[in-house]
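> Quick note: the sequence shown uses UniProt numbering, first residue 1, plus one each step.
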Amino acid sequence: MDRDDDVDDDVSLLVVVLETNSQFWFPRSRKQRETTTPSTPSTSLYAFEKVCKDIAAFSSAYLACNRANRIAVVAAHARKECTFLFRSHLEGDVVLEDEEDEEDKEGDNTKKTKKKKKKRKKPPTNPRMTFVGDDECDDIGGFANDAQDVDALDISKGLEPLQTTFRRAFFDGLKALSDENVVVNYDDDDDDENREQQHATPIAGAISLALTYANRIERDPSLRGRVKSRVLVVQASEDDAEQYVPMMNAMFAAQSSNILIDCLCLNEKESSFLQQAAFVSGGIYAKPEKSKKGGGEETREDLLERALCSFLPDRYTRRFLRPPRAGSIDFRSSCFCHGNRISKGFVCSVCLSVFCKKEGACQTCGAAFV
1 MDRDDDVDDD
11 VSLLVVVLET
21 NSQFWFPRSR
31 KQRETTTPST
41 PSTSLYAFEK
51 VCKDIAAFSS
61 AYLACNRANR
71 IAVVAAHARK
81 ECTFLFRSHL
91 EGDVVLEDEE
101 DEEDKEGDNT
111 KKTKKKKKKR
121 KKPPTNPRMT
131 FVGDDECDDI
141 GGFANDAQDV
151 DALDISKGLE
161 PLQTTFRRAF
171 FDGLKALSDE
181 NVVVNYDDDD
191 DDENREQQHA
201 TPIAGAISLA
211 LTYANRIERD
221 PSLRGRVKSR
231 VLVVQASEDD
241 AEQYVPMMNA
251 MFAAQSSNIL
261 IDCLCLNEKE
271 SSFLQQAAFV
281 SGGIYAKPEK
291 SKKGGGEETR
301 EDLLERALCS
311 FLPDRYTRRF
321 LRPPRAGSID
331 FRSSCFCHGN
341 RISKGFVCSV
351 CLSVFCKKEG
361 ACQTCGAAFV
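1) Express the C-alpha separation of arginine 167 and alanine 57 in angstroms, rounding to a whole number.
2) Using only the alpha-carbon positions, how far apart do valine 354 and cysteine 52 sit?
3) Please say whether serine 229 and valine 15 have beta carbons closer to each other than 8 Å?
4) Roughly how many angstroms separate the alpha carbons of proline 288 and phenylalanine 279, rounded to a whole number?
5) Only counting the same chain, and skipping five residues up and downstream in sequence, which positions put a Cβ closer than 7 Å to that of arginine 306?
6) Is it true that the CB of tyrosine 244 sits closer than 8 Å to the CB of serine 334?
7) Is it the case that the Cβ atoms of threonine 212 and glutamate 19 are separated by a distance below 8 Å?
8) Could you name the residues that DSSP lists as bridge partners for valine 245?
9) Can you tell me whether serine 281 is buried or exposed? The criterion is at least 16 other CB atoms within 10 Å of its CB, across all chains shown.
10) Our contact map puts valine 231 next to alanine 214 with C-beta atoms below 8 Å; I'd like the distance itself, whole angstroms only.
11) Ends of the alpha helix (DSSP H) at glutamine 23?
12) So the alpha helix (DSSP H) threonine 212 belongs to, where does it begin and stop?
13) So the alpha helix (DSSP H) aspartate 54 belongs to, where does it begin and stop?
14) Enumerate in chain order the residues of its own chain whose CB-to-CB distance from lysine 269 is below 7 Å, with the five nearest sequence positions on each side excluded.
15) Rounded C-beta distance between glycine 173 and lysine 80? I'm assuming under 8 Å.
16) When the Cα atoms are used, what is the spatial distance from tyrosine 46 to alanine 367?
17) Determine the burial state of phenylalanine 369: buried for a count of at least 16 other Cβ atoms within 10 Å of its Cβ, exposed for fewer.
18) Mapping the DSSP letters down to three states, classify valine 234 as helix, strand or coil.
19) Aspartate 262 bridges to which residues according to DSSP?
20) Would you list the residues sitting across from alanine 76 in a DSSP beta bridge?
21) Do alanine 68 and phenylalanine 84 come within 8 Å of each other at the CB atom, strictly closer than that value?
22) If you draw a straight line from the C-alpha of cysteine 351 to the C-alpha of glutamine 363, how long is it?
23) Assuming contact is defined by CB atoms lying nearer than 8 Å, are lysine 50 and leucine 266 in contact in what I supplied?
24) When we look at the beta-carbon of valine 347 and count the other beta-carbons within 10 Å, is it buried (16 or more) or exposed?
25) Hey, glutamine 235 and serine 208: beta-carbon distance below 8 Å or not?
26) With burial defined as no fewer than 16 other Cβ atoms inside 10 Å of the residue's Cβ, what is the status of lysine 175: buried or exposed?
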C-alpha cells in the first residue's frame with residue numbers, strides 16, 4: 001500500500017497530559033500527621049517515581065522515531081492548576097546558551113550589544129528531589145544527578161539534542177512543581193466525597209490546554225498544515241463527576257479538530273471519562289493488565305512496555321496494527337445536580353442539562369418545566 005502524500009514528512013506533535021497532583025499521590029491523614037508516619041499509598045497502580053521515569057523514556061523513544069517529531073508536556077497539578085513542563089520548538093531546537101556579548105565594529109566606533117538567549121537551568125545540586133511538600137513523604141530519586149542519568153543526558157552517548165533538552169527541562173519542571181507543592185491533610189472522619197474533592201485533579205482543564213496548544217500550532221502559517229497532533233493523557237486518580245461537562249466539551253472539540261486523545265489509566269478502577277474520550281476522538285484507551293506467575297502470584301504489566309506498544313505508533317502506522325481493546329465502555333452520563341452516573345434521567349429541553357430527579361425548574365438555565 002502506498003503511503004499517503006499528505007503524511008510524508010509531516011511534523012508529529014505529541015502533547016502529554018501528566019497528572020502531577022501531590023494531593024493525590026501523597027495524601028496524609030490526621031493520625032499520620034500526629035505519629036509522623038509516611039503518607040497513605042494512593043490508589044495508583046505504580047509509584048510516582050516510576051511513572052515519571054517511564055514517561056520520560058517513552059518520550060525519548062517517540063522523539064527518536066523521527067527527527068521532525070515534537071513534544072509538549074502539560075502537568076495537571078493541585079489547586080486546579082495546569083502548566084507546561086516542556087514545549088519543543090517546531091521551527092528548530094531552542095538554543096540553550098548563556099548570554100553573549102557581540103561586537104559590531106563600524107569604522108573607529110565599536111559597539112557592544114548584548115544578545116539575549118534562553119538559559120538552561122542548572123541541575124539542582126541536591127541529589128534527592130522531593131516531589132511533595134513534606135520531607136516525611138516519599139521522594140523521587142535524583143533523576144538528573146545520578147551518574148547513569150547524567151550519561152544518558154550526554155549527547156555524545158547518541159541522544160539527539162531535542163531528547164537531551166526534553167529530559168533536562170522535564171525533570172527541572174517537576175522539581176519546580178515540587179517546590180510549590182502543598183500536601184492536603186484530611187481528617188480520618190471525612191467521607192469519601194469530601195476527600196475526593198480535596199484530591200480533584202483538573203484533567204479536563206489540562207486536556208483543554210493541550211488541545212488549545214495543538215490547535216494554535218496547526219494553524220501556524222509557517223507550518224502550512226503539516227502538523228499531525230495527538231494527546232496522551234496519563235491519569236492515576238478516579239474520575240471527578242464535576243468535570244463531566246468539561247470533559248465532554250474537550251473530547252468533542254478534539255473530534256472536530258481531528259486530534260486523537262490516547263488515554264493511559266493507572267487507577268485500580270476503569271475510567272469511563274477516558275474511555276469515552278478515546279472512543280469519540282479515535283484514540284486508544286489502555287490500562288496495564290495483570291498477569292500470573294508460576295506460583296499463582298499476580299503481577300502488573302510493565303508501564304513502559306504498555307506505553308510503547310499502545311501509544312508509540314503514529315496515526316498512519318496504526319492502520320496496519322491491531323490496537324488494544326478497550327472492553328466495554330460506560331456511556332452513562334453524570335447528572336448535573338449530584339454528579340452521579342445515571343442510565344435514565346430528566347433532560348432540560350433548553351440547555352440539555354441532565355438531572356437524576358424531576359425538578360420544577362432547570363438548575364442550570366432556570367427554565368420552568370411543564
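By construction, the Cβ of each residue, glycine as well, lies at the ideal position given by its N, Cα and C atoms. All figures in this text were calculated on a predicted structure; none of them were measured in a lab.
Well, looking at it:
1) As a position in the sequence shown, residue 57 is number 57, starting the count at 1. As a position in the sequence shown, residue 167 is number 167, starting the count at 1. Going by the C-alpha atoms only, they are around 9 Å apart.
2) As a working mapping, residue 354 is identified with position 354 in the sequence shown. As a working mapping, residue 52 is identified with position 52 in the sequence shown. So the alpha carbons of these two residues sit roughly 38 Å apart.
3) Along the sequence shown, one-based indexing puts residue 15 at 15. Along the sequence shown, one-based indexing puts residue 229 at 229. In contact: valine 15 and serine 229 (Cβ atoms closer than 8 Å).
4) Numbered from its first residue, the sequence shown carries residue 288 at position 288. Numbered from its first residue, the sequence shown carries residue 279 at position 279. Roughly 18 Å separates the two Cα atoms.
5) For this step, residue 306 is matched to residue 306 along the sequence shown. Once the five neighbours on either side are set aside, the close Cβ partners of arginine 306 are Ala286, Pro288.
6) Residue numbering aside, residue 334 sits at position 334 when the sequence shown is read from its first letter. Residue numbering aside, residue 244 sits at position 244 when the sequence shown is read from its first letter. Contact: yes.
7) On the sequence shown, residue 212 is found 212 positions in, with the first residue counted as 1. On the sequence shown, residue 19 is found 19 positions in, with the first residue counted as 1. The Cβ atoms of threonine 212 and glutamate 19 do not sit closer than 8 Å to each other.
8) On the sequence shown, residue 245 is found 245 positions in, with the first residue counted as 1. Answer is none; valine 245 lacks a bridge partner.
9) For this step, residue 281 is matched to residue 281 along the sequence shown. Buried, because 16 or more other Cβ atoms sit within 10 Å of the Cβ of serine 281.
10) For the purposes of this step, residue 231 is taken as residue 231 along the sequence shown, with counting starting at 1. For the purposes of this step, residue 214 is taken as residue 214 along the sequence shown, with counting starting at 1. Right, their Cβ atoms sit about 7 Å apart.
11) Counting from 1 along the sequence shown, the entry for residue 23 is found at position 23. Counting along the chain, the alpha helix (DSSP H) containing glutamine 23 begins and ends at 22 to 25.
12) Here residue 212 refers to the residue found at position 212 when the sequence shown is read from its first residue. Here the alpha helix (DSSP H) through threonine 212 covers 203 to 218.
13) One-based indexing of the sequence shown puts residue 54 at position 54. Start and end: 48 to 65.
14) Position 269 of the sequence shown, counted from the first residue, corresponds to residue 269. Cβ contact annotation for lysine 269 (same chain, cutoff 7 Å, sequence separation greater than five): Glu238, in chain order.
15) Along the sequence shown, read from residue 1 onward, the residue named residue 173 stands at position 173. Along the sequence shown, read from residue 1 onward, the residue named residue 80 stands at position 80. Not a contact, Cβ separation roughly 18 Å.
16) For the purposes of this step, residue 46 is taken as the residue at position 46 of the sequence shown. For the purposes of this step, residue 367 is taken as the residue at position 367 of the sequence shown. Looking at the two C-alpha atoms, the distance is approximately 47 Å.
17) Here the question's residue 369 lines up with position 369 in the sequence shown. Exposed, by the Cβ-count rule.
18) In the sequence shown, residue 234 corresponds to position 234, counting from 1. If DSSP states are grouped into helix, strand and coil, valine 234 belongs with the strands.
19) In the sequence shown, the residue the question calls residue 262 occupies position 262. Looking at the DSSP assignment, aspartate 262 forms a beta bridge with Leu232.
20) Looking up residue 76 in the sequence shown gives position 76. BP columns for alanine 76 point to Glu19, Cys82.
21) As a working note, residue 84 is residue 84 in the sequence shown. As a working note, residue 68 is residue 68 in the sequence shown. Not a contact, by the Cβ cut-off of 8 Å.
22) Along the sequence shown, read from residue 1 onward, the residue named residue 351 stands at position 351. Along the sequence shown, read from residue 1 onward, the residue named residue 363 stands at position 363. Distance between the alpha carbons of cysteine 351 and glutamine 363: 10 Å.
23) Along the sequence shown, one-based indexing puts residue 50 at 50. Along the sequence shown, one-based indexing puts residue 266 at 266. No.
24) Translated into positions along the sequence shown, residue 347 becomes position 347. With fewer than 16 Cβ atoms within 10 Å of its Cβ, valine 347 is classed as exposed.
25) To locate residue 235, count along the sequence shown from 1; it is residue 235. To locate residue 208, count along the sequence shown from 1; it is residue 208. Going by C-beta atoms, glutamine 235 is not nearer than 8 Å to serine 208.
26) Against the sequence shown, residue 175 aligns to sequence position 175. Buried is the call here.
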